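Colleague:
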Amino acid sequence: MAFVILQNCCKDASCVAACPVNCIHPVPGEDGDYDTAPMLYVDPRVCIDCGACADACPVDAVVPADTLSGPELAYAEINAEHYAGTPLEASGLRPDRPTFRDWGRPSFDWSLPSDFAPLHVAVVGTGPAGMYAAEHLLLHTASRVTLIDRLPVAGGLVRYGVAPDHPGTKRIGDTFARLYSHPRVRMLLGVEVGTDVSFAEIGEHVDAVVVATGASEGRRLGVPGEDLGGSLSGPEFVGWYNGHPDVPADAVRLDRERAVLVGTGNVALDIARILSVDPEVLAGTDLADHALAARLESAVREVVVLSRRGPEHAAYTAPELRALSHLAGVELVVDDHDGAAGATIDAAAPGDHAALLQGVPRRTVDVSGAPAPGRRIVLRFGAEVAEAVGSAGPDGAARVEEVVLRDGTRVPAGLLVTSIGYRGRPIQGLPYDDERGTVPNEHGRVDGAAATYVVGWAKRGSSGGIGDNRTDAAATVRTLLDDAVAGRLGPRKRSTRALGRAVRRARPDVLDAKDLARIERTERAAGTAQGRPRVKLTTTADLR
Ligand code: NAP
1397 MAFVILQNCC KDASCVAACP VNCIHPVPGE DGDYDTAPML YVDPRVCIDC
1447 GACADACPVD AVVPADTLSG PELAYAEINA EHYAGTPLEA SGLRPDRPTF
1497 RDWGRPSFDW SLPSDFAPLH VAVVGTGPAG MYAAEHLLLH TASRVTLIDR
1547 LPVAGGLVRY GVAPDHPGTK RIGDTFARLY SHPRVRMLLG VEVGTDVSFA
1597 EIGEHVDAVV VATGASEGRR LGVPGEDLGG SLSGPEFVGW YNGHPDVPAD
1647 AVRLDRERAV LVGTGNVALD IARILSVDPE VLAGTDLADH ALAARLESAV
1697 REVVVLSRRG PEHAAYTAPE LRALSHLAGV ELVVDDHDGA AGATIDAAAP
1747 GDHAALLQGV PRRTVDVSGA PAPGRRIVLR FGAEVAEAVG SAGPDGAARV
1797 EEVVLRDGTR VPAGLLVTSI GYRGRPIQGL PYDDERGTVP NEHGRVDGAA
1847 ATYVVGWAKR GSSGGIGDNR TDAAATVRTL LDDAVAGRLG PRKRSTRALG
1897 RAVRRARPDV LDAKDLARIE RTERAAGTAQ GRPRVKLTTT ADLR
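So the sequence shown is numbered by my numbering: it starts at 1397 and just counts up by one.
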């Protein structure tokens, strides 16, 4: 009986390193398809059932095949299918002894000199990218790390991006949290570098700065009516249900029967699911209280997901689409209004992206009238938004009432979410690529900024899941250490102890790891009382 990797695989490849028989693929840096693969897979022909992968997995996504039930059962086949037609030799395995790996010659392509002095590095941003960078520095060098975040709480997109009904994925936060109390880590929370204190000032107290500020802004369509009430970007909507202090509790109203989402990325699918799933499921999660209240009273029954291109170009991954098609009491349907999507899906060969929709029901959905009875998520391809139309309500504020498509279809809806990707904000003191919304860099070394490095979405744009940040952070840390070994970091001007004092001068109310632990205890205790993992504090004032 083999182990099986499930949908919530975070792809950080901790399991790959733990597997004694090399039966988990694709492997970062080794298999060409790692970057595009939605998840990793166990080769059941080779797995020796030792469970090392399950112990190593930070999100509990690896389980014994004989414990699978319900929709999870499909994953035994999905794991096996990945290896269909692959000879065992491709994994460096001998066909006569499938559990024996030909390890080949060990290669140590890089190591630090024995007299390498410990560095002090400031990591700005405590999301997955920043925490993987910190982990690499702490585990592979004797460096000290100061973690800085503009919010008074750590976690970045683990806390404010991962959907609340994906508790397995959220568990990676526990792995990162272990580092908060590491003896060589200090935390300074609630201080915005670039605003409260400059990058230059931080840089004077440390040997290097790693920018891990992510991509917090939502891309916008630029169509008329996009600024109406009830029109939000994907990141705003996700921030709303995850209790992000930047998004007010009343930013979303679910008082109309239809919502329109633009974009077919995994974020759009997360939003469609949160709007559609039985609210009782959400009641056991850490969904923000205001979002839970809104869902319990929600009028939304139909979520229309618009894609400007065909099903072959949809941006979702197979596991997330599969999860949507298994939502109890919610129909997933392809709106085949002009026959084009259906033709593409029918013509798709096994393995083509469009083939993912071959089992999904198809019909013409009248999105211009009132939604038919029942709950559904409608995928409509080849559809672009021309404008959002609304009028002022009793409170005087104009809100979305209709979304007009370029083909003239008028879709009545009270909510429009443009989930078309994230972009980073310009940060004072750092260069900025306005087109990509990123910090320009070469191999993680920020252009024109000495001893300054960048990781994650701030480096490469908003692509990839949590685990992709592990290899990305390792590459940037490698660049940083190369520079340190070559003497390119330059001398530190001030004592590292003075960093805390300098930050406290700018933000006397800065929080540290003890304060963070207090927030954690408060939220967990409130959660225990309600049978939930935590009840989130959702405003900066409450967190402070
Ligand atoms: P995304 O995957 O890049 O998808 C963006 C979507 O927006 C695409 O469908 C794109 O269509 C569409 N789009 C872009 N510009 C548009 C425009 N001007 N008009 C209409 N449509 C437009 O972005 P995301 O959903 O925000 O996800 C970001 C990353 O996070 C992804 O790598 C995603 O996989 C990852 N993520 C993963 C998970 C998970 O693993 N569970 C969950 C959430 C997010 P075109 O292709 O036509 O440009």
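Heads up, the beta-carbon is just placed ideally off N, CA and C, and yes, glycines get one too.
The model shown is predicted, which means the values in this text are computed figures rather than measured ones.
1) Indicate whether V1756 and V1774 have their beta-carbon atoms separated by less than 8 Å.
2) How would you call G1861, buried or exposed, if buried means at least 16 neighbouring beta carbons within 10 angstroms?
3) When DSSP builds the beta bridges, which residues end up paired with D1731?
4) So does G1860 have its beta carbon nearer than 7 Å to some heavy atom of ligand 2?
5) Going by DSSP in three states, E1780 sits in which element: helix, strand or coil?
6) Whose C-alpha, out of D1843, R1776, D1748 and D1879, is nearest the C-alpha of T1760?
7) Between the Cα of D1429 and the Cα atoms of V1906, P1440, D1864 and R1903, which residue gives the shortest distance?
8) How should Q1754 be labelled, buried or exposed, when 16 other C-beta atoms within 10 angstroms of its C-beta is the threshold for buried?
9) For T1495 and P1440, what's the separation of their Cα atoms in angstroms?
10) Which residue marks the beginning of the alpha helix (DSSP H) containing R1802, and which one marks its end?
11) Count the other C-beta atoms from every protein chain shown that fall within 10 angstroms of the C-beta of Q1403, then say buried if there are 16 or more, exposed otherwise.
12) Is S1703 close to ligand 1? I mean its beta-carbon at under 7 Å from any heavy atom of the ligand.
13) So is K1910 buried or exposed if we call it buried at 16+ other beta carbons inside 10 Å?
14) My output table needs one value for E1613: the three-state DSSP class, helix, strand or coil.
15) Does the beta-carbon distance from P1524 to Y1818 come in below 8 Å?
16) With the cut-off set at 8 Å, would you say G1551 and T1591 are in Cβ contact?
17) Does the segment 1531–1549 come close enough to the segment 1579–1588 that 3 or more CB-CB pairs lie under 8 Å?
18) Following the continuous alpha helix (DSSP H) through E1597, name the residue where it begins and the one where it ends.
19) Going by CA-CA distance only, name the one from A1711, D1623 and V1458 that's closest to D1812.
20) Among C1443, G1526 and C1449, which residue has its Cα nearest to the Cα of Y1576?
21) Please report the straight-line C-alpha distance between H1478 and T1432, rounded to a whole angstrom.
22) Can you say whether H1640 is buried or exposed, counting buried as having 16 or more other CB atoms within 10 angstroms of its CB?
23) Between A1452, T1463, G1466 and V1442, which has its C-alpha nearest A1476's C-alpha?
24) Return yes when the C-beta of V1455 is under 7 Å from any heavy atom of ligand 1, and no when it is not.
25) Any idea if L1508 is buried or exposed, counting beta-carbon neighbours within 10 angstroms, 16 or more meaning buried?
26) Per DSSP, what are the beta-bridge partners of N1837 in this structure?
27) Use the C-beta contact count for A1608: other C-beta atoms within 10 angstroms, 16 or more gives buried, fewer gives exposed.
28) Is the separation between the beta-carbon of V1606 and that of I1598 shorter than 8 Å?
29) If we ignore side chains and look at the alpha-carbon of each, how far apart do D1511 and V1602 end up?
30) Less than 8 Å between the CB atoms is what I'm expecting for G1621 and A1784, so what's the real figure, rounded?
31) Can we say the segment 1915–1935 touches the segment 1676–1688, given the rule of at least three CB pairs closer than 8 Å?
32) Could you check the C-alpha separation between E1473 and L1547 for me, to the nearest Å?
33) Determine, using beta carbons only, whether R1940 comes closer than 8 Å to chain C.
34) Alpha carbon to alpha carbon, what distance is there between E1426 and V1549?
35) Could you tell me whether any non-hydrogen atom of ligand 1 is closer than 7 Å to the CB of E1716?
Modeller: On the basis of the supplied data:
1) Working through the sequence shown from its first residue, we reach residue 1756 at position 360. Working through the sequence shown from its first residue, we reach residue 1774 at position 378. No, Cβ-Cβ distance for V1756 and V1774 is not below 8 Å.
2) Indexing the sequence shown from 1 puts residue 1861 at position 465. Under this definition G1861 is a buried residue.
3) Within the sequence shown, residue 1731 is the residue found at index 335, counting from 1. Under DSSP, D1731 shares a beta bridge with R1759.
4) Looking for ligand 2 in the displayed structure turns up nothing; the ligands present are ligand 1.
5) As a first step, residue 1780 is located in the sequence shown; it is residue number 384 there, counting from the start. Correct three-state label for E1780: coil.
6) In the sequence shown, counting from the first residue as 1, residue 1760 sits at position 364. The residue among D1843, R1776, D1748 and D1879 with its C-alpha nearest the C-alpha of T1760 is R1776.
7) On the sequence shown, position 33 is the one that residue 1429 refers to. The shortest Cα separation from D1429 among V1906, P1440, D1864 and R1903 belongs to D1864.
8) In the sequence shown, counting from the first residue as 1, residue 1754 sits at position 358. Exposed, because fewer than 16 other Cβ atoms sit within 10 Å of the Cβ of Q1754.
9) Translated into positions along the sequence shown, residue 1495 becomes position 99. Translated into positions along the sequence shown, residue 1440 becomes position 44. Residue confidence is low: T1495 scores 47 on pLDDT, short of 50, so the model does not pin down where it sits. Its coordinate-derived value is still stated next. Cα-Cα distance, rounded: 11 Å.
10) Against the sequence shown, residue 1802 aligns to sequence position 406. Going by DSSP, R1802 is part of no alpha helix (DSSP H) at all; its letter is neither H nor E.
11) Locating residue 1403 in the sequence shown gives position 7, counting from the first residue. Counting Cβ neighbours within 10 Å, Q1403 comes out buried, since at least 16 surround it.
12) Here residue 1703 is taken as the residue at index 307 of the sequence shown, counted from 1. Relative to ligand 1, S1703 has its C-beta within less than 7 Å of a heavy atom.
13) Position 514 of the sequence shown, counting from 1, holds the residue named residue 1910. If you draw a 10 Å sphere on the C-beta of K1910, you find fewer than 16 other C-beta atoms in it, and that means exposed.
14) Position 217 of the sequence shown, counted from the start, is the residue given in the question as residue 1613. Three-state DSSP puts E1613 in a strand.
15) Position 128 of the sequence shown, counted from the start, is the residue given in the question as residue 1524. Position 422 of the sequence shown, counted from the start, is the residue given in the question as residue 1818. In this structure, Y1818 does not lie closer than 8 Å to P1524 by Cβ.
16) Your numbering for residue 1551 matches position 155 in the sequence shown. Your numbering for residue 1591 matches position 195 in the sequence shown. One thing to note: G1551 has its Cβ no nearer than 8 Å to the Cβ of T1591.
17) In short, these stretches touch, since the Cβ pair count reaches three.
18) What you label residue 1597 is simply residue 201 of the sequence shown in a count that begins at 1. Its alpha helix (DSSP H) spans residues F1595 to H1601.
19) Here residue 1812 corresponds to residue number 416 of the sequence shown, with the count starting at 1. Sequence check: residue 1812 is Leu here, not Asp. It is D1623.
20) Stepping through the sequence shown from its first residue, residue 1576 is reached at position 180. Of C1443, G1526 and C1449, the smallest CA-CA separation from Y1576 is found for G1526.
21) Reading the sequence shown from its first residue, position 82 is the one you call residue 1478. Reading the sequence shown from its first residue, position 36 is the one you call residue 1432. If you take the alpha carbons of H1478 and T1432, they lie about 13 Å apart.
22) Along the sequence shown, one-based indexing puts residue 1640 at 244. Looking at its Cβ environment, which holds 16 or more other Cβ atoms inside 10 Å, H1640 is buried.
23) Start at 1 with the first residue of the sequence shown, and residue 1476 comes out as number 80. Comparing C-alpha distances from A1476 to each of A1452, T1463, G1466 and V1442 shows the shortest one belongs to V1442.
24) Residue 1455 sits at position 59 when you count from the first residue of the sequence shown. For V1455, the distance from the CB to the nearest heavy atom of ligand 1 is not below 7 Å.
25) Residue numbering aside, residue 1508 sits at position 112 when the sequence shown is read from its first letter. In the assembly as shown, L1508 is an exposed residue. Its beta-carbon has fewer than 16 other beta-carbons within 10 Å.
26) Taking the sequence shown and counting its residues from 1, the one referred to as residue 1837 is at position 441. The partner list for N1837 (beta bridge, DSSP) reads V1842.
27) Residue 1608 sits at position 212 when you count from the first residue of the sequence shown. That one is buried.
28) Here residue 1606 is taken as the residue at index 210 of the sequence shown, counted from 1. Here residue 1598 is taken as the residue at index 202 of the sequence shown, counted from 1. Result no, Cβ atoms of V1606 and I1598 do not sit closer than 8 Å.
29) Locating residue 1511 in the sequence shown gives position 115, counting from the first residue. Locating residue 1602 in the sequence shown gives position 206, counting from the first residue. Spanning the two alpha carbons is a distance of roughly 19 Å.
30) Locating residue 1621 in the sequence shown gives position 225, counting from the first residue. Locating residue 1784 in the sequence shown gives position 388, counting from the first residue. Cβ-Cβ separation between G1621 and A1784: approximately 3 Å, consistent with a contact (criterion under 8 Å).
31) Short answer: they touch.
32) Residue 1473 sits at position 77 when you count from the first residue of the sequence shown. Residue 1547 sits at position 151 when you count from the first residue of the sequence shown. Distance between the alpha carbons of E1473 and L1547: 43 Å.
33) The question asks about chain C, but that chain is absent: this structure has only one protein chain.
34) The residue you call residue 1549 lines up with position 153 of the sequence shown. The residue you call residue 1426 lines up with position 30 of the sequence shown. In this structure, the straight-line span from the alpha carbon of V1549 to that of E1426 is close to 36 Å.
35) On the sequence shown, position 320 is the one that residue 1716 refers to. Yes, since a heavy atom of ligand 1 falls inside the 7 Å radius drawn around the Cβ of E1716.
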